[in-house]
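Numbers in the working numbering are just positions in the sequence shown, counted from 1, shifted up by 8.
Notes follow once the structure below has been shown.
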Amino acid sequence: MNMMTSLMRMASRLVSRRHDSASLVSGILCPRCPAPPLRSQPTRSLAAKQVKGQKAGGQKPQNRKSNKDKQEVEIRRRMTVSELAHAMNRDPDHVLEALLNTGGDLDSLEEDSVLEERWIKEVVRRSGMKFSYQTLSSGRERKALGQGLQRANADAYRRPPADPACLVQRHPVVTIMGHVDHGKTTLLDSLRKSQITSTEHGGITQHIGAFIVSLPSGEKITFLDTPGHAAFSSMRARGAQSTDIIILVVAADDGVMNQTLESIQHAKNANVPIIVAVNKCDRPQADPESVKQQLLLHDVVCEQFGGDVQAIHISALKGDNLLALVEATVTQAEVMELKAEPTGPVEGTVIESRNDRGKGPVTTAIVQRGTLRKGCVLVAGKTWAKVRFLFDEHNRLVTEATPSVAVEIVGWKELPGAGEDILEVESEQRAREVVEWRLFEEEQARLQEDVTLIQDRQKEHQEEYRRHREALSHLGWRQRRVALYRANRFSQRPSEKSQSHTLSLPLIIKGDVDGSVETLLNILDSYPGQDQTGQDQTGQDQTGQDCPMELIHFGVGDVSENDINMAAAFSGSIYGFNVSINKHVQQMALKKGVPVKLHKVIYKLIDELKDQLSSILPPVVTDNILGEASVLAMFEVTTGKKKVVVAGCRVHKGLLDRKMTFRLTRGGTLLWEGSLVALKHHKDDVQSVKSGMECGLSVADDDITFSPGDVIVCYEPIETQQKIMWDPGF
9 MNMMTSLMRM
19 ASRLVSRRHD
29 SASLVSGILC
39 PRCPAPPLRS
49 QPTRSLAAKQ
59 VKGQKAGGQK
69 PQNRKSNKDK
79 QEVEIRRRMT
89 VSELAHAMNR
99 DPDHVLEALL
109 NTGGDLDSLE
119 EDSVLEERWI
129 KEVVRRSGMK
139 FSYQTLSSGR
149 ERKALGQGLQ
159 RANADAYRRP
169 PADPACLVQR
179 HPVVTIMGHV
189 DHGKTTLLDS
199 LRKSQITSTE
209 HGGITQHIGA
219 FIVSLPSGEK
229 ITFLDTPGHA
239 AFSSMRARGA
249 QSTDIIILVV
259 AADDGVMNQT
269 LESIQHAKNA
279 NVPIIVAVNK
289 CDRPQADPES
299 VKQQLLLHDV
309 VCEQFGGDVQ
319 AIHISALKGD
329 NLLALVEATV
339 TQAEVMELKA
349 EPTGPVEGTV
359 IESRNDRGKG
369 PVTTAIVQRG
379 TLRKGCVLVA
389 GKTWAKVRFL
399 FDEHNRLVTE
409 ATPSVAVEIV
419 GWKELPGAGE
429 DILEVESEQR
439 AREVVEWRLF
449 EEEQARLQED
459 VTLIQDRQKE
469 HQEEYRRHRE
479 ALSHLGWRQR
489 RVALYRANRF
499 SQRPSEKSQS
509 HTLSLPLIIK
519 GDVDGSVETL
529 LNILDSYPGQ
539 DQTGQDQTGQ
549 DQTGQDCPME
559 LIHFGVGDVS
569 ENDINMAAAF
579 SGSIYGFNVS
589 INKHVQQMAL
599 KKGVPVKLHK
609 VIYKLIDELK
619 DQLSSILPPV
629 VTDNILGEAS
639 VLAMFEVTTG
649 KKKVVVAGCR
659 VHKGLLDRKM
669 TFRLTRGGTL
679 LWEGSLVALK
689 HHKDDVQSVK
699 SGMECGLSVA
709 DDDITFSPGD
719 VIVCYEPIET
729 QQKIMWDPGF
């Protein structure tokens with residue numbers, strides 16, 4: 009009975025619920041039909057603990073910005089640090105700070121380093137921004153590659169010429185030039201009362217040195233000492249472009265040499281006046297008048313011959329007549345009326361640059377306009393600096409540098425190239441804009457070169473295809489298909505080609521300053537990389553394989569662990585000029601088998617490089633002819649059950665040695681080459697047969713037949729190591 013009552017109650021509830029649902033649906037579908045009132049269902053209030061900082065009757069306050077309010081950053085794959093910072097409108101340092109404690113290698117990141125996609129997203133998230141992928145239409149891509157993106161020019165330029173009323177007197181910048189070992193640095197020693205020559209390796213100058221010399225009269229002269237070695241032509245050209253007067257040092261006992269003529273040409277190209285210093289006049293074999301006559305042949309007319317070039321006879325070693333040379337320099341400067349504007353933004357030129365272990369990137373620069381002080385923001389090439397310190401040539405701190413003063417500048421973000429113009433800008437933000445614009449211009453120029461190269465390759469391919477089709481145009485379509493099939497069928501596929509053992513020498517070049525690296529790269533550019541030619545012991549020319557050099561890296565500074573790892577990856581060698589290597593890195597190089605060649609004198613470095621290139625080349629095999637014989641008759645000799653063909657010969661030149669290699673020729677055609685089985689004189693086995701004697705010889709090859717008149721040559725193969733026939737010019 010109870011069970012029947014429960015079942016009836018459940019059925020009534022189901023009917024009631026179905027009626028309510030039907031009424032609700034009919035009310036929605038037909039608004040005019042009245043809907044029954046909905047019964048309120050009992051609700052259970054959920055008990056929740058009040059959160060700290062949340063009101064009892066309200067919700068938790070939303071302190072975070074909504075996703076709609078976040079700044080949106082357009083990203084793409086393979087973005088560099090600088091590109092991501094520009095897209096976020098932040099500094100590149102902000103990107104590096106956002107990557108802290110993420111597991112990324114921040115030490116190896118630079119502004120031009122490419123970031124992985126996950127790190128790009130992580131930087132945007134940590135910066136409180138949202139990202140979206142950058143989309144470029146095909147038309148815009150073609151524009152970016154072909155025509156270059158339109159962008160406002162943000163470069164910095166030199167100021168227009170100053171008002172003559174704002175100019176003040178400045179001291180001259182003088183460059184000492186000439187042939188190697190003609191006494192240029194010794195002359196500076198005598199003027200400065202210093203010992204620069206004793207500190208130079210090999211007794212030759214290998215850098216541009218900038219010094220200020222104060223004269224007893226109170227005058228000051230900034231001297232640039234350029235290298236005289238043939239390898240440093242680019243340094244001499246840079247020195248000539250940055251100077252007011254050139255002192256051409258010529259040895260009285262040596263006369264006009266190659267680098268003397270080159271220095272004269274640099275002076276003419278830069279339109280700079282010359283003062284000739286005829287040095288070493290104290291030597292017995294000195295002939296100053298002959299030097300002047302030699303200079304006359306090269307359009308350097310001294311005052312003695314009616315020209316305007318002053319010629320001073322001096323002895324730099326003994327200090328003779330140096331005062332006259334200084335007076336001539338001061339007089340020339342007065343005639344030129346050298347003036348500069350000491351106010352306004354700074355303008356200058358980078359003379360030399362290097363990486364200092366304690367100071368970082370350091371440049372030696374000459375101020376040409378304005379006054380350089382600590383805190384100035386400078387731009388040079390594709391880098392910038394906020395000046396932290398200024399040092400003079402004695403490594404002493406200075407507070408400012410006026411025009412014509414040479415100083416060392418500390419505070420560069422990266423190392424600028426030697427010869428770059430230095431310009432002062434208003435702020436660090438402006439400096440970044442200038443650098444970004446120059447990098448953008450360089451990228452666009454590189455893209456344009458790539459597009460031009462691609463178009464040229466396509467044009468060559470089309471022309472080759474057209475010529476190939478024209479060669480088959482006289483055939484029918486079926487014959488043409490057969491010809492093309494055969495050409496493709498029997499052509500050697502790349503996978504089927506035998507692997508050529510290409511000889512090469514991967515190189516890493518490290519130098520102490522930017523000018524040294526530039527000089528070494530210029531020398532390497534003169535390497536032909538073609539077939540090398542040498543001579544064997546007989547004086548005959550032998551041509552061997554080429555051994556190209558592959559420059560995989562170059563830089564300024566000491567040899568580092570990265571250099572060792574890179575050289576080990578490419579199986580290359582490291583050549584350093586005036587740099588050092590610490591003990592840990594040296595042990596690392598020994599462990600990985602990386603040759604590290606360090607030199608203080610440039611021509612010794614090149615000599616060792618030539619020796620290494622020669623050692624890589626395979627030896628040339630030459631034939632040392634010992635003797636010749638002619639075949640007179642052929643007969644067979646029975647040895648056991650076997651018949652052996654024997655050639656009866658007469659030696660008419662040298663001797664025949666059984667241990668050596670023999671060659672059989674007939675009418676100039678090579679028939680056989682190998683060793684003898686037997687060599688007999690009459691019936692006796694002999695080791696050798698001399699000229700004028702008759703002999704019988706046999707070979708192991710049964711297919712060889714002898715005929716009267718054949719020539720048999722006895723020779724000894726000799727391996728000769730090839731020598732690189734590379735003349736870098738010194």
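Where a beta carbon is used, it is the ideal one built from N, C-alpha and C, also for glycine.
*Using the beta-carbon count (16 or more within 10 Å), is Q633 buried or exposed?*
Along the sequence shown, one-based indexing puts residue 633 at 625. The displayed chain sequence assigns Ile, not Gln, to residue 633. I633 comes out exposed.
_On the criterion of 16 or more Cβ atoms from any shown chain inside 10 Å, does E416 qualify as buried, or is it exposed?_
Here residue 416 corresponds to residue number 408 of the sequence shown, with the count starting at 1. Label assigned to E416: buried.
_Determine whether the beta carbon atoms of E311 and Q301 lie at a separation below 8 angstroms._
Your numbering for residue 311 matches position 303 in the sequence shown. Your numbering for residue 301 matches position 293 in the sequence shown. Note that the C-beta distance between E311 and Q301 is not below 8 angstroms.
*Sorted by chain position, which residues of the same chain lie with C-beta nearer than 8 angstroms to M87's C-beta, five sequence neighbours on each side aside?*
Here residue 87 corresponds to residue number 79 of the sequence shown, with the count starting at 1. Around M87: A95, V122, L123 and I128.
*Is the region 358-373 touching the region 438-448, taking contact as three or more C-beta pairs under 8 angstroms?*
No, they do not touch.
*Measure the Cβ-Cβ separation of I624 and Y583 and say whether it is below 8 angstroms.*
As a first step, residue 624 must be located in the sequence shown, where it is residue number 616. As a first step, residue 583 must be located in the sequence shown, where it is residue number 575. Their beta carbons are not under 8 angstroms apart, which means I624 does not touch Y583 by this criterion.
*What does DSSP give as the partner residues of F714 in its beta bridges?*
On the sequence shown, position 706 is the one that residue 714 refers to. DSSP, once it has assigned bridges, lists no residue as partnering F714.
_Between the CA atoms of T391 and E432 - distance to the nearest angstrom_ = As a position in the sequence shown, residue 432 is number 424, starting the count at 1. As a position in the sequence shown, residue 391 is number 383, starting the count at 1. Between E432 and T391, the alpha-carbon positions lie close to 12 angstroms from each other.
*asked:* At 3 residues or longer, what runs of the beta strand (DSSP E) sit wholly inside the region 607-687?
replied: Counting only runs of 3 or more, we get 628-647, 650-665, 669-674 and 677-682.
*Assign W734 to one of three DSSP states: helix, strand, or coil.*
Taking the first residue of the sequence shown as position 1, residue 734 is located at position 726. The answer is coil: DSSP assigns W734 none of H, G, I, E or B.
_Using a Cβ distance threshold of 8 angstroms, determine whether the region 259-269 contacts the region 285-294, with at least three qualifying pairs required._
Contact between the region 259-269 and the region 285-294 is present, because at least three Cβ pairs lie under 8 angstroms.
*Would you mind working out which of D307, M265 and S298 sits nearest C276, comparing C-alpha positions?*
For this step, residue 276 is matched to residue 268 along the sequence shown. It is worth fixing the name first, because residue 276 is Lys in this sequence and not Cys. Here the closest residue by C-alpha is D307.
*Buried or exposed by the 16-neighbour rule on C-beta atoms within 10 Å, applied to E636*: Taking the first residue of the sequence shown as 1, we reach residue 636 at position 628. Buried, since its Cβ has 16 or more Cβ neighbours within 10 Å.
*Would you grab the beta carbon distance between S581 and L515 for me? Rounded to a whole angstrom, and I think it's under 8 angstroms.*
On the sequence shown, position 573 is the one that residue 581 refers to. On the sequence shown, position 507 is the one that residue 515 refers to. The beta-carbon separation of S581 and L515, rounded to 6 angstroms, stays under the 8 angstroms limit for a contact.
*asked:* Can you tell me whether M344 is buried or exposed? The criterion is at least 16 other CB atoms within 10 Å of its CB, across all chains shown.
replied: What you label residue 344 is simply residue 336 of the sequence shown in a count that begins at 1. The residue in question, M344, is exposed, as its Cβ has fewer than 16 Cβ neighbours within 10 Å.
*Three or more beta-carbon pairs under 8 angstroms between the region 340-358 and the region 157-176, yes or no?*
Touching, yes.
*From C555, R84, V654 and M668, pick the residue whose C-alpha is nearest to that of I712; which is it?*
On the sequence shown, position 704 is the one that residue 712 refers to. Per the Cα distances, V654.
*Using alpha carbons as the reference points, say which of L598, N97 and R134 lies closest to N109.*
Here residue 109 corresponds to residue number 101 of the sequence shown, with the count starting at 1. The shortest CA-to-CA distance from N109 to any of L598, N97 and R134 is the one to R134.
*Give the C-beta separation of G425 and G389 to the nearest angstrom, bearing in mind that I take them to be a contact with Cβ-Cβ under 8 angstroms.*
In the sequence shown, residue 425 corresponds to position 417, counting from 1. In the sequence shown, residue 389 corresponds to position 381, counting from 1. That belief holds up - the Cβ atoms of G425 and G389 are roughly 5 angstroms apart, short of 8 angstroms.
*By Cβ distance, which residues of its chain are closer than 6 angstroms to K698, with the 5 residues on each side in sequence left out?*
In the sequence shown, counting from the first residue as 1, residue 698 sits at position 690. The beta carbon of K698 sits closer than 6 angstroms to the beta carbons of L663 from its chain, once the five residues preceding and following it are set aside; these are given in chain order.
*Quick one: grab the DSSP three-state call for A218.*
Residue numbering aside, residue 218 sits at position 210 when the sequence shown is read from its first letter. Here A218 sits in strand by DSSP.
*Report yes or no: do the region 668-676 and the region 710-730 share at least 3 C-beta pairs separated by less than 8 angstroms?*
Taking 8 angstroms as the limit for Cβ pairs, the verdict is that the region 710-730 does touch the region 668-676.
_Which complete beta strand (DSSP E) runs does the region 427-489 hold, if anything under 3 residues is left out?_
Within the region 427-489, the complete beta strand (DSSP E) runs of at least 3 residues fall at 429-433.
*Neighbourhood of A324 by C-beta distance below 7 angstroms, restricted to the same chain and skipping five residues each side*: In the sequence shown, residue 324 corresponds to position 316, counting from 1. Same-chain partners within the cutoff: G191, T194, L195, S198 and N287.
*Leaving out five residues before and five after H187 in sequence, what residues of the same chain have Cβ atoms less than 6 angstroms from its Cβ?*
Translated into positions along the sequence shown, residue 187 becomes position 179. Here the set comprises G236, M265, Q267 and T268.
_If you reduce the DSSP assignment to three classes, tell me which class C289 lands in._
Taking the sequence shown and counting its residues from 1, one reaches residue 289 at position 281. Here DSSP, grouped into helix, strand and coil, assigns C289 to coil.
*Go ahead and label D533 buried or exposed: buried means 16 or more other beta carbons lie within 10 angstroms of its beta carbon, across all protein chains shown.*
The residue labelled residue 533 in the question sits at position 525 within the sequence shown. Counting other Cβ atoms within 10 Å of its Cβ, D533 stays below 16 and is therefore classed as exposed.
*If you run the structure through DSSP and keep just helix, strand and coil, what is T551?*
As a working note, residue 551 is residue 543 in the sequence shown. Residue placement at T551 cannot be trusted, given a pLDDT of 45 that sits under 50; the coordinates are not used to answer.
*Express the C-alpha separation of K138 and E80 in angstroms, rounding to a whole number.*
Here residue 80 refers to the residue found at position 72 when the sequence shown is read from its first residue. Here residue 138 refers to the residue found at position 130 when the sequence shown is read from its first residue. In this structure, the CA atom of E80 is about 5 angstroms from the CA atom of K138.
*Given a threshold of 16 other Cβ atoms within 10 Å of its Cβ, counted over all protein chains shown, does D233 qualify as buried or as exposed?*
The sequence position of residue 233 within the sequence shown is 225, counting from 1. D233 is buried by the Cβ-count criterion.
*Mind checking whether D522 and L423 have CB atoms under 8 angstroms apart?*
Here residue 522 refers to the residue found at position 514 of the sequence shown. Here residue 423 refers to the residue found at position 415 of the sequence shown. Yes; because the gap between Cβ atoms is below 8 angstroms, this pair is in contact.
*Roughly how many whole angstroms lie between the Cα atoms of L175 and V370?*
The residue you call residue 175 lines up with position 167 of the sequence shown. The residue you call residue 370 lines up with position 362 of the sequence shown. Their backbone Cα atoms lie some 30 angstroms apart in a straight line.
*If you run the structure through DSSP and keep just helix, strand and coil, what is I417?*
One-based indexing of the sequence shown puts residue 417 at position 409. Here I417 sits in strand by DSSP.
_Whole-angstrom C-beta distance between V602 and I589, which should lie under 8 angstroms_ = The residue labelled residue 589 in the question sits at position 581 within the sequence shown. The residue labelled residue 602 in the question sits at position 594 within the sequence shown. Not really, about 11 angstroms apart at Cβ, beyond 8 angstroms.
*Express the C-alpha separation of D101 and G419 in angstroms, rounding to a whole number.*
Counting from 1 along the sequence shown, the entry for residue 419 is found at position 411. Counting from 1 along the sequence shown, the entry for residue 101 is found at position 93. Cα to Cα, the separation comes out at about 16 angstroms.
_Cut-off 6 angstroms between Cβ atoms - residues of its own chain near A575, not counting five sequence neighbours on either side_ = For the purposes of this step, residue 575 is taken as residue 567 along the sequence shown, with counting starting at 1. The residues are I516, I582 and V602.
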